[in-house]
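J.: Structure incoming, see below.
In my numbering, the protein residues as written are 1 to 164.
Put into C-alpha cells, the structure is as follows:
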C-alpha cells in the first residue's frame, strides 16, 4: 500500500491539534495552524509528520494517542518517517512538495498527555519538514518519498590523504 495522509491536524496553538479534511499549505506551514512557542515557529519546522503506526504502538503501551493528539500536523500511513534521512523530498499526489528538515525532539508539552510519554516516545516522535512547493493538502493523498542522492552527500574519501 502506498504511503498516504490519514489525518491533517491544526490548532490555534498547542495540543491537541484537531482534524480537518483539507488545508492550504503556505511557506510557514498549514494555514490556520499556530504555535504557542517561538522555538516551533521556524521554516525548518513548518510541518510535523508522524506515522499512525507509531501512535498505535504507543497506544498499545497504555497511551491514548489519536491523530493530532501528539501535536503532529500530518498523520501518515506506510511512510516510516523516522527512517527518512534529512533531505528526503516528499511529493504529495496533489502537488505539494516538502523536504524532511530535522528530527522532532520530545517537548515538555508531551508531559501534559502522560508523564512518561516524552521518554517512551524517543525515536518515535516524527520528523519536521520545510515547504518547498505550496498548495492544498487533502486526507487520502498519496506520498512519494524521494531520498537524497548519495552523490550530493558523498561519504568521505578515506584514500584521498594516502600517497599513491
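Glycine is no exception: its CB is placed at the ideal position from the N, C-alpha and C atoms.
(1) Starting from residue 74, follow the beta strand (DSSP E) in both directions and report where the run begins and ends.
(2) Using only alpha-carbon positions, find the residue among 17, 147 and 132 that is nearest to residue 67.
(3) Given a threshold of 16 other Cβ atoms within 10 Å of its Cβ, counted over all protein chains shown, does residue 58 qualify as buried or as exposed?
(4) Which class does residue 19 belong to by DSSP, given the choice of helix, strand or coil?
(5) Beta carbon of residue 131, beta carbon of residue 44: below 8 Å?
(6) Could you tell me the alpha carbon to alpha carbon distance between residue 52 and residue 63, rounded to whole angstroms?
(7) Can you check whether the CB of residue 127 is closer than 8 Å to the CB of residue 146?
(8) Within 10 Å of its beta-carbon, does residue 103 have 16 or more other beta-carbons around it, so buried, or fewer, so exposed?
(9) Which residue from 12, 10, 2 and 31 puts its Cα closest to that of residue 136?
(10) Could you compute how far the alpha carbon of residue 72 sits from the alpha carbon of residue 9?
(11) DSSP on residue 99, reduced to helix/strand/coil?
(12) Name, in chain order, the residues that DSSP records as bridge partners for residue 50.
(13) Return the chain-ordered list of same chain residues with a C-beta closer than 8 Å to the C-beta of residue 134, the five sequence neighbours on each side being excluded.
(14) Taking all protein chains shown into account, decide if residue 112 is buried (16 or more other Cβ within 10 angstroms of its Cβ) or exposed.
(15) Please classify residue 36 as buried or exposed, where buried requires at least 16 other C-beta atoms within 10 Å of its C-beta.
(16) Would you call residue 56 buried or exposed, if buried means 16 or more other Cβ atoms sit within 10 Å of its Cβ?
T.: If we stick to the structure as given:
(1) Numbered from 1 along the chain shown, position 74 holds the residue referred to as residue 74. Residue 74 -> beta strand (DSSP E) spans 74-77.
(2) Translated into positions along the chain shown, residue 67 becomes position 67. Residue 67 has its Cα closest to that of 17, out of 17, 147 and 132.
(3) For the purposes of this step, residue 58 is taken as residue 58 along the chain shown, with counting starting at 1. With 16 or more other Cβ atoms within 10 Å, it is buried.
(4) Translated into positions along the chain shown, residue 19 becomes position 19. DSSP, read as helix, strand or coil, puts residue 19 in strand.
(5) Within the chain shown, residue 131 is the residue found at index 131, counting from 1. Within the chain shown, residue 44 is the residue found at index 44, counting from 1. For the 8 Å CB-CB criterion, residue 131 and residue 44 do not form a contact.
(6) If you number the chain shown from 1, residue 52 lands on position 52. If you number the chain shown from 1, residue 63 lands on position 63. Pairing residue 52 with residue 63, the inter-Cα distance amounts to about 13 Å.
(7) Taking the chain shown and counting its residues from 1, one reaches residue 146 at position 146. Taking the chain shown and counting its residues from 1, one reaches residue 127 at position 127. The answer is no: Cβ separation not under 8 Å.
(8) Taking the chain shown and counting its residues from 1, the one referred to as residue 103 is at position 103. By the neighbour-count criterion, in which 16 or more other beta carbons inside 10 Å mark a residue as buried, residue 103 falls on the exposed side.
(9) What you label residue 136 is simply residue 136 of the chain shown in a count that begins at 1. If we check each option's Cα against that of residue 136, 31 comes out closest.
(10) Indexing the chain shown from 1 puts residue 72 at position 72. Indexing the chain shown from 1 puts residue 9 at position 9. When rounded, the distance between both Cα atoms is 7 Å.
(11) Numbered from 1 along the chain shown, position 99 holds the residue referred to as residue 99. Residue state, collapsed to three classes: strand.
(12) By 1-based counting over the chain shown, the position of residue 50 is 50. In the DSSP output, where bridge partners are listed per residue, residue 50 has 75.
(13) Stepping through the chain shown from its first residue, residue 134 is reached at position 134. Residues 24, 25, 26, 27 and 96 of the same chain have their beta carbon placed closer than 8 Å to that of residue 134, with the five preceding and five following residues left out of the count.
(14) Here residue 112 is taken as the residue at index 112 of the chain shown, counted from 1. Note on residue 112: under 16 other CB atoms within 10 angstroms of its CB, so exposed under the neighbour-count rule.
(15) Sequence index remark: in the chain shown, residue 36 carries index 36 (1-based). Unreliable positioning characterises residue 36 in this predicted model, as indicated by a pLDDT of 46, which lies under 50. The coordinate reading is nonetheless provided below. Burial call: exposed.
(16) Along the chain shown, read from residue 1 onward, the residue named residue 56 stands at position 56. It is exposed - the Cβ of residue 56 has fewer than 16 other Cβ atoms within 10 Å.
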